[in-house]
Each structure stands twice: as C-alpha cells, then as structure tokens.
Amino acid sequence: MKFLPSTLSLLALGQTAGQLSCPSELTSNHTVSNSLTMHYAVVLGTSNEKGILCARFESQTTGWIGWGINPSGEMRGAEAVIGLPAENKVSKYILYSQNANGVVEMDAANQTLMDTSITQDAEGRTTMTFTKYLDEDRYGIFPNNFRNSFIYAQGSSDDLGYHGSTRGNFRLDLGTTMAPTMSMAPSPSPTAGTTEIVENANATDVTANITAVVGNETEVDLPEVVEDANATDVSYTTPSPTPAGTFGAASNVTMSPTVAKNNTTGDSNETTTPGIAFTPTDSASSAGFYSLGLGSVLLGVIALVFGIAM
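Quick note, the sequence shown lines up with residues -18 to -1, 1 to 292 if you use mature numbering (1 follows the signal peptide of the UniProt record, and there is no 0).
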C-alpha cells in the first residue's frame, strides 16, 4: 500500500487539542484521487501547546481509509493514520513493509490522535476525521512554505486488507491559521540613547548608532572626532606663554647666516658669518623684544640731545 504525501492548509476543526481548537468548517481541501478528498486546517502552536493538523477525509466508497507521512513518498517506512469502520477506530501505525504483517499499530503511548471518528452513510460514503500534532514521532508536518510528502490508500472492505490500485502519494503546501488563543505582545519601544542591531541584506549583523529621541524631538549628535589624511586623530595643544624679556624653552631659536660687505677693500666680495636670530613663539615674548628695542632708542635720543646742547 502506498500513501501519497499531501501538504495541509492551515485552519482548525471545531474539535479541540488542549488549549487549541479547530474551526467548525475546514475551508481548505485537496483532491487526493477521483474518490478521495482531503479537507484540512492547521493551527499553529503556542508556548504551552503544540500546533495541530485538523483533517477530514471523504471517500466516495465504503471501506477503510489510510493516510500517512513519508518524505520518500513510499509506503515502506511511513507513519500512517488508518481508519477501520469495522472496529469504529482511527489509530496510528508504522508501515514496515508492503504486506499486511508489516502494518503495525503503534503502542498506546504514541496514540496521540484526538477527535477521531470513522463513519459511513447510506449512500456508501466513508468519512474519517482526526486531529494530529504537527511535531511528533519521526516525521513532522511543516505548516509554512514547504511541500509535505504524504501517502494514501483505500480499501474495499471495512477491515484492514489489500488496497489494490487505490493508493498513491502527493505533495501539498500548507497554509497557516494562527491559534485562536494566541496573542501577539507589542514590541517594546527603543530606549533613548541605545544602540540597535540591524541586519543587512546578507543577514550580517551591522551596528547602527541611533540618537536619543524624546517625543518627536531628536537630540543633536555629539561632535565627531576629525581625522587627518593619514587617519590619525588630530589634537590641539594650547601653547604656554613665555615671560616678556626672557628666552625660554618655548622660544624657537634658528641659526641663519648674516651677510656683510668687505668694506676694507671696497670690493664687491661678500662674506657670510653665522648669526643667531630669535623667533618668539607668542605675543608675550614679542612684547619683551619690543620693550628692549624702544629703551635703546630712547637712550640714543637722550644722548643726541645732550651732545647738541654741549
């Protein structure tokens, strides 16, 4: 027997699973075969309860119905749900092989199906319903953006037997319905003056600095550190003044040549003798030089006046 993999769309039956419940109507459906239709819904889980699949299989014939999960799409190795009208029972099985002896009912601890039923009507149609956890046993059911692989089979008798050609597999992408009991907590507002982690297009963490915000007012950013062309932090040191009239270490002293004419011979040959020039580094030092020069001028004027008078 081969079951076709099918992906269920997400909703939930008017049945219950712990805190979760299925809708009264299963609006999603999939035509499994000419004689079998799957109606389904998925309810996502909460922090306290696992998500559920709510399913109803409607067969146009009498006989048992089987549905299972196997990524390979094969009967062997699948986990199945089988409904037997003769026993009025819907249970979970492991399919070890394709013969009857290989179809083994799971032990009681793994019989976790809820809201199960298998019924037949006067027109010869068989209906199997159940609610199943999405995440259990070896194979899980993925609710979003994933093509789950399912298998199916139908028997001609109400007891478990050979299915004949009425078996197969299929894939189905599920839709999602949020659990009615779930509530989304609001996201906390960013704290003023914090640093958030942002993701770029390649999902690499990027640090982004944000300024503190109060209401609709944005605080002014702090001044940035300026860097020179060599990416070295530029620093500025306030110079210390040198006392007037003194030559402190703060004064720049440079050696420069002094040019003098050879007046003895009267020729145009020039000789150079090294001289010393002092360059003050601040206004205080300059004031000292200016005061010394002015004193010299005054002394010269006084001497000139006395010379004339005499």
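Think of the CB as a built atom: it goes at the ideal place given N, C-alpha and C, for glycine as much as any other residue.
Give me the Cα-Cα distance between residue 4 and residue 138, rounded to the nearest whole angstrom.
Residue 4 and residue 138: Cα-Cα distance of roughly 30 Å.
Okay, do the segment 84 to 96 and the segment 18 to 28 touch, 3+ Cβ pairs below 8 Å being the bar?
The segment 84 to 96 is not in contact with the segment 18 to 28.
Which stretch, first to last residue, makes up the beta strand (DSSP E) that contains residue 149?
Residue 149 -> beta strand (DSSP E) spans 149 to 155.
With a cut-off of 8 Å, do at least 3 Cβ pairs link the segment 36 to 52 to the segment 110 to 124?
Contact holds: three or more Cβ-Cβ distances are below 8 Å.
Pairwise C-alpha distance: residue 84 and residue 78:
Rounded to whole angstroms, the gap between the alpha carbons of residue 78 and residue 84 is 5 Å.
Mind checking which residues open and close the beta strand (DSSP E) that includes residue 36?
That run of the beta strand (DSSP E) goes 34 to 41.
Rounded to the nearest angstrom, how far is the Cβ of residue 101 from that of residue 45, given a contact under 8 Å?
Taking C-beta atoms under 8 Å as the contact rule, residue 101 and residue 45 fail to qualify, at a distance of about 13 Å.
Please give me, in chain order, every unbroken run of the beta strand (DSSP E) with length at least 3 that falls completely inside the segment 50 to 102.
List check, beta strand (DSSP E) in window: 60 to 66, 71 to 77, 85 to 87 and 96 to 102.
Of the listed residues 12, 25 and 136, nearest to residue 42 (C-alpha basis):
Shortest Cα-Cα distance from residue 42 to any of 12, 25 and 136 involves 136.
Other residues of its chain near residue 127: CB distance less than 8 Å, five sequence neighbours each side excluded
Hits under 8 Å: 155.
Using only CA atoms, which one of 40, 56 and 25 lies nearest to residue 103?
For residue 103, the closest of 40, 56 and 25 by C-alpha to C-alpha distance is 40.
With 16 other Cβ atoms within 10 Å as the buried cut-off, status of residue 293
Outside the displayed span of the chain (-18 to 292) sits residue 293, for which this structure offers no information.
Could you check how far apart the C-beta atoms of residue 88 and residue 75 are, in whole angstroms? I think they sit under 8 Å.
That belief holds up - the Cβ atoms of residue 88 and residue 75 are roughly 6 Å apart, short of 8 Å.
In the structure shown, what three-state DSSP assignment does residue 135 receive?
Reduced to three states, the DSSP call for residue 135 is strand.
Going by beta-carbon coordinates alone, are residue 59 and residue 151 separated by less than 8 Å?
No, they are not a contact pair.
Can the beta-carbon of residue 142 be found less than 8 Å from the beta-carbon of residue 66?
Taking 8 Å as the Cβ cut-off, residue 142 and residue 66 qualify as a contacting pair.
When you measure from the CB of residue 153 to every non-hydrogen atom of the ligand NAD, does any distance come out below 7 Å?
As far as ligands go, the structure on display features none, and thus does not contain the ligand NAD.
Distance, residue 8 Cα to residue 29 Cα
Taking the straight line joining both Cα atoms gives about 24 Å.
Looking at the structure shown, is residue 112 part of a helix, part of a strand, or coil, going by DSSP?
Strand, per DSSP.
Reducing DSSP to helix, strand and coil, say where residue 8 ends up.
Three-state result, residue 8: coil.
For residue 146 and residue 123, what's the separation of their Cα atoms in angstroms?
Distance from the CA atom of residue 146 to the CA atom of residue 123, rounded to whole angstroms, is 27 Å.
Within 10 angstroms of the Cβ of residue 53, are there 16 or more other Cβ atoms? Answer buried if so, exposed if not.
Exposed is the call here.
Is residue 48 helix, strand or coil by DSSP?
When secondary structure is reduced to three states using DSSP, residue 48 falls in the strand class.
Among 12, 82 and 140, which one has its Cα closest to the Cα of residue 68?
Checked all of 12, 82 and 140; the closest Cα to residue 68 is 140.
Could you pull out every residue in the same chain whose Cβ sits closer than 7 Å to the Cβ of residue 118, ignoring the five residues on either side in sequence?
So the qualifying residues of the chain are 94.
Are residue 26 and residue 125 closer than 8 Å when you measure CB to CB?
Contact flag set, yes.
With a threshold of 8 Å between beta carbons, is residue 8 in contact with chain C?
Although the question refers to chain C, the structure presented lacks it and comprises just one protein chain.
Can you look up residue 145 in the DSSP assignment and give me helix, strand or coil?
Coil.
Measure how close the beta-carbons of residue 6 and residue 157 come, nearest whole angstrom, since I'm counting them as under 8 Å.
With a Cβ gap of about 17 Å, residue 6 and residue 157 do not count as contacting.
Alpha carbon to alpha carbon, what distance is there between residue 72 and residue 64?
Rounded to whole angstroms, the gap between the alpha carbons of residue 64 and residue 72 is 6 Å.
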